[in-house]
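Heads up, the thing below is written out as structure tokens.
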Amino acid sequence: MTLARTPSRLAIWALRTLMSRDQANAVLGDLSEDLARLSVDQGEPRWPHLWLEWRTWHYLAAAVPSAFARFADRLEHDVRYSWRRLRRSPGFTLIAVLTLALGIGANTALFGLVNSLLLKSLPVPALDRMIAIGATRPQSSAISGLTDDDIRPLEDLVARHDTLESVAARDLVHGAIVASGRSHVSVVEAVSGGYFHTVGVTPLLGRLLDPSDDRPNADGAIVLSEGTWRALFDASPAVVGRTVRMTGHVLTVVGVVPDSYHGLFLPMLLRMDAWVPLRDADALDGEMVVKQLGAPSVTTRPHGVSARLLPGVTIEQAAARLSALGAHMTFAFGRTGLVVLPARNAIVPEEFDHYGRLLGVAVVALSGLVLLIACSNLTNLLLARTASRSIEIAVRMAGGASRARVGQLLLVETALVAALAGVVGLSIAWLTSWALTRIALPELDGQSIRFDPSLDLHVFTYGFVVAAIATFAIGLVPAWRASRTDPMRVFANAGGAGGGSGRGGRLRGALIAVQMAASTVLLLAAGLFVRSVLAGMAYQPGFSLAHTAIGEINLEYHGYDEARGRVYFRRLADAASHTPGLAQAALASDVPANLLTSAPDRDLLAEGEAPVQTPYGPGGHACDTVIVTHGFFSTIGVSFRRGRDFTPADVDGTTPVVIINESVAALLWPGQDPVGRRLTLSKDGKLLTVVGLVADTDRSSPYPQAWRYAFVPLDQHYSPRMSIVGRGFGDARAVPDLLRAVVRGLDPEVALYDVAPLAQHVALWLIPLRYTAAILMTLGILGGAIAMIGIYGVTAYLGGLRTREFGIRKALGATRADIYGLVLRQATRTLTLGVVPGLVAAYLASNLLEHLLYGVRPHDVMTFVAVPVGLVVVALIASYVPARRAAAIDPNVALRNL
Amino acid sequence: MSRVTAPVLGEFELLVLLAVFQLRDRAYPLAIADQIQDTTKRKASRPAVLITLNRLEDKGLLTSYYGDPTPVRGGRSKRFFTPKPLGLHAVKQSLGRIKAMSLGIDALLEPK
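So the sequence lines, in the order shown, correspond to chains A and B.
Counting along the first sequence from 1, when you hit position 876 you're at 876 in the numbering used here, and nothing is skipped either side.
Counting along the second sequence from 1, when you hit position 59 you're at 957 in the numbering used here, and nothing is skipped either side.
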């Protein structure tokens, strides 16, 4: 029997997708009839199923083009119809578009920020074949640069085509470039001839610096960045050959580098303005370079060195080759060998990378919550709107419109809102990123950070995907619900309204609960960051910032050996403390005031304590050792908890002594008096006796927090690099000049650099904190505001739906208070259902924020109480207004429409 | 009354419309395809006939309705097509054009 035969389910499904159900059934009937007739006329086909399947797909192939054309027709019709509807209710359209636009905009802008900090590949063309080369120091994880003498053997390798294709040294120069009567304050990279070949940049105009510019008799040349070229020469193509002045020297512009290349100094944050030959660095920069590196001459101080590998050479091979080469070299300044790093690791400091990733995850997660709130808000609005369109939808369905057709119509309306919101949202994102580039960030090493969160293709794609996801997330539920409309029931109920109960009410309630939960998480995060900022404003690093300034000296660069150095430092400390205008002065090898401090040593152990496991193998606890002179603690305002300060009697040959802070004591001898106990700070296991215990001070990197410090006297230890700390009587800004005068008076050739009030150094610590807090606070407020608008809108709508019910209740004797209670009870129930899971989620998630917070614990009780209470109060106020309207209903008016 | 301009019909469209006229209340896709095939001895693919019918319906020349289900069709209905006035007009116009262009053509087509 052939009648029961049908094509495959897939074919039937495809047929029903391309045409209406009735049409598809008619086609299936035609196929059955055709097969039956064929069987009668010519006998049944050998494979009737195959025959049927083949014929069905034949129909399908013929139907596709016309189905597509019909779909396009309907789509155009739906778009026009939805557009008319949206224009007819401008209030709804405005709120819907703005809500979603804020969600999309916040997401896209913040993704742009994360993208520019973390995801964008570094703007260095030849990065994969580039390495950084540095020199190692014994017993230190810090890597230092290479001097001209160290670089020469590397250049020999390049000449012999051994391992390296090119090698480049670089330095930073600050100054103003002056041309055509305009001045451009600039940060300039001073580079050796192999630099541009190493980084693989091609010029926009003219040529780049090459080895010919390294010759001593070469004319002064400068390569401008595209930005500088535009600023100084209005992008004139005739710039090559023109001259500019920098620090009094005339330089000839030889070329322009495109904006896509930023230089090698933190290229995700900073853009170089120009490049000059390395040999000119001192002449062009003078004191400023000394400020950077404390070196008197460009030929003797170490530079950052990068190299490009020959094709086919791996980093491992290069590391082995250079380490062998380094073993035969002699290094100045106590360095011992060559070390190779992938260029990326050298360009992006590890701590920056880690902190950035943490921040990136937090920002993307929280902006995702804002979008979630915006989406559920809009879904609620659309559900309410769909409910008010039930008659229209019922009429359409009674007139023969299929469920898919009705769903499509509603989805098109959502897509239209999402498209408008996408345009507005991307504009918001663009404006935000533009504004971010205009925020004046504090200076880092004399150079303003110019942050570049420009929106690239990745960001726009992200924004588009977010908008598309939002469309489906928002549109599917109302479209699905509308397609389930039963026309008979709608017509039977016409004139009445459903009220806030039933499935629709539960769905809307659930959406409000989601919004409340997401807002709770967002606002709690924002609250923690507000507390963090407040703690930051009252920030005391553990030492006194008032009247105090510091500057740094490096005797290595001035030919001092240890014996002369000791004498110099002793005289310096003495001279400084007797300088009129200075209340007190002392020396310290490291005042914790640098933004990017190096990794701490890991050799701290109490006497008799077994070695502990560290990331680098067995060792001691992490702790910073600081060499100080007598009077350091009182100069910087750190108080003694126990014991004594160093005295002039603590010299070489007497008992080695150490002063520790409370963090060290708490680690080694919790709850006990540490004075008189012994510990070791170095791999040689030399034991030092604790003579004093001081209050904790903070370490800056990446966030200021109390840190373990051990202090040892200069007379028993030595570092050629020391900071001088001076405390004056009045304004701290007067202190640097006093310090400079003292240093100049002792030896005019010794340079004092990085001289600034201590408060200015410490202000740098809080940059990441302040900016993270500002971003997350804004997100929290934005999300909270959207949620409040949504709660108000839905409560008002639900109240409106129950007008008749309230009328009847009042007619039966309910008072205004009863109606208030009814509306507010319903709101409270929904809000509580949202806030409780939100609190739990925030409690779990706040652990992730721990490392981004300062001065507040992630489970801060005050924030966890104040935020939910505040949120519920605001939400209840948002529900109060509709409740008041409900309570004011006149029963006569409400019942008249029954 | 304004003159209604009927859409210009392609050859296959004209054949399909003529078959609908001839079959009257029995015009469903299978019958139409058979009618064209039997009368013109030209192969008429069933999907092509259905798509043409849909197109003519979209153009407002035809309308369709569903008949009662029959067992031979697996309990499914036939979809019958009937011409609308605009369809009649279009057929008249097309045939008129062919007639006008065919005047005196027989003599030219006769073998000499």
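Glycine included, C-beta positions come from ideal geometry on N, C-alpha and C.
Since this is a predicted model, take the numbers as computed values, not measurements.
Given that a residue counts as buried once 16 or more other Cβ atoms are within 10 Å of its Cβ, and exposed if not, what is residue i?
| i | result |
| --- | --- |
| GLY834 of chain A | buried |
| VAL893 of chain A | exposed |
| THR314 of chain A | exposed |
| ALA899 of chain A | Nothing in the structure corresponds to residue 899 of chain A, since chain A is present only between 1 and 898. |
| PRO648 of chain A | exposed |
| ARG995 of chain B | exposed |
| PRO945 of chain B | buried |
| ALA817 of chain A | exposed |
| GLY807 of chain A | buried |
| SER719 of chain A | buried |
| ALA576 of chain A | buried |
| GLN613 of chain A | exposed |
| GLN292 of chain A | No answer about GLN292 of chain A holds up, because its pLDDT of 39 lies below 50 and its placement is not dependable. |
| ARG829 of chain A | exposed |
| SER388 of chain A | exposed |
| ASP696 of chain A | buried |
| PRO611 of chain A | exposed |
| SER1000 of chain B | exposed |
| ASN847 of chain A | exposed |
| GLY581 of chain A | exposed |
| ILE104 of chain A | buried |
| ASN115 of chain A | buried |
| TYR81 of chain A | exposed |
| SER639 of chain A | exposed |
Starting from the beta carbon of residue i, find every residue of chain A whose beta carbon is closer than 7 Å, and list them in chain order.
| i | result |
| --- | --- |
| LYS941 of chain B | Here the premise fails: no neighbours, minimum Cβ distance about 13 Å. |
| PRO927 of chain B | ASP30 |
| ARG977 of chain B | GLN23, ALA26 |
State the start and end residues of the unbroken alpha helix (DSSP H) segment that holds residue i.
| i | result |
| --- | --- |
| HIS987 of chain B | 983-1000 |
| TYR753 of chain A | From DSSP, TYR753 of chain A is part of no alpha helix (DSSP H) but of the beta strand (DSSP E) over 753-757. |
| ALA468 of chain A | 457-483 |
| VAL313 of chain A | Run containing VAL313 of chain A: none; DSSP gives neither H nor E here. |
| SER39 of chain A | 21-42 |
Mind listing the chain A neighbours of residue i? Cutoff is C-beta to C-beta under 8 Å, in chain order.
| i | result |
| --- | --- |
| ALA946 of chain B | ALA62 |
| ARG974 of chain B | ASN25, ALA26, LEU28, GLY29, SER32 |
Which two residues bound the contiguous beta strand (DSSP E) that contains residue i?
| i | result |
| --- | --- |
| GLN716 of chain A | Per DSSP, GLN716 of chain A belongs to no beta strand (DSSP E) and is neither H nor E. |
| ASP624 of chain A | 621-628 |
| ARG308 of chain A | 304-309 |
| ALA401 of chain A | Here ALA401 of chain A belongs to no beta strand (DSSP E), and DSSP marks it neither H nor E. |
| MET862 of chain A | No beta strand (DSSP E) contains MET862 of chain A, which is instead part of the alpha helix (DSSP H) from 861-887. |
| PHE640 of chain A | 640-643 |
| VAL276 of chain A | 274-277 |
What residues of chain B sit near residue i, judged by a beta carbon separation below 7 Å?
| i | result |
| --- | --- |
| SER66 of chain A | ILE949, ASN952, ARG953 |
| HIS58 of chain A | PRO945 |
| ALA36 of chain A | VAL970 |
Name the chain B residues that come within less than 9 Å of residue i, Cβ to Cβ?
| i | result |
| --- | --- |
| HIS77 of chain A | In chain order: nothing, as chain B lies at least about 13 Å away. |
| ALA11 of chain A | In chain order: nothing, as chain B lies at least about 13 Å away. |
| THR93 of chain A | Correct list: empty, because the minimum Cβ distance to chain B is about 33 Å. |
| THR6 of chain A | GLY972 |
Would you mind telling me which residues of chain B sit closer than 8 Å to residue i, beta carbon to beta carbon, in chain order?
| i | result |
| --- | --- |
| THR772 of chain A | Residues of chain B passing the Cβ test: none, with the nearest at roughly 60 Å. |
| THR108 of chain A | Under the 8 Å cutoff, chain B gives no residues; its nearest Cβ is about 42 Å from THR108 of chain A. |
TODO: Pull out every residue of the region 13-33 of chain A whose Cβ sits closer than 9 Å to any Cβ of chain B, in chain order.
DONE: MET19, ASP22, GLN23, ASN25, ALA26, VAL27, LEU28, GLY29, ASP30, LEU31, SER32, GLU33
Task: Any alpha helix (DSSP H) of 4 or more consecutive residues that is wholly inside the region 661-694 of chain A - done: Runs of the alpha helix (DSSP H) inside the region 661-694 of chain A: 662-668.
Task: alpha helix (DSSP H) segments (min. 4 residues) lying fully within the region 69-138 of chain A - done: 90-114
Task: Minimum length 4: unbroken alpha helix (DSSP H) runs contained in the region 930-987 of chain B - done: 944-956
- [ ] Pick out the complete beta strand (DSSP E) segments inside the region 192-256 of chain A, 3 residues or longer, and give them in chain order.
- [x] 221-225, 243-246
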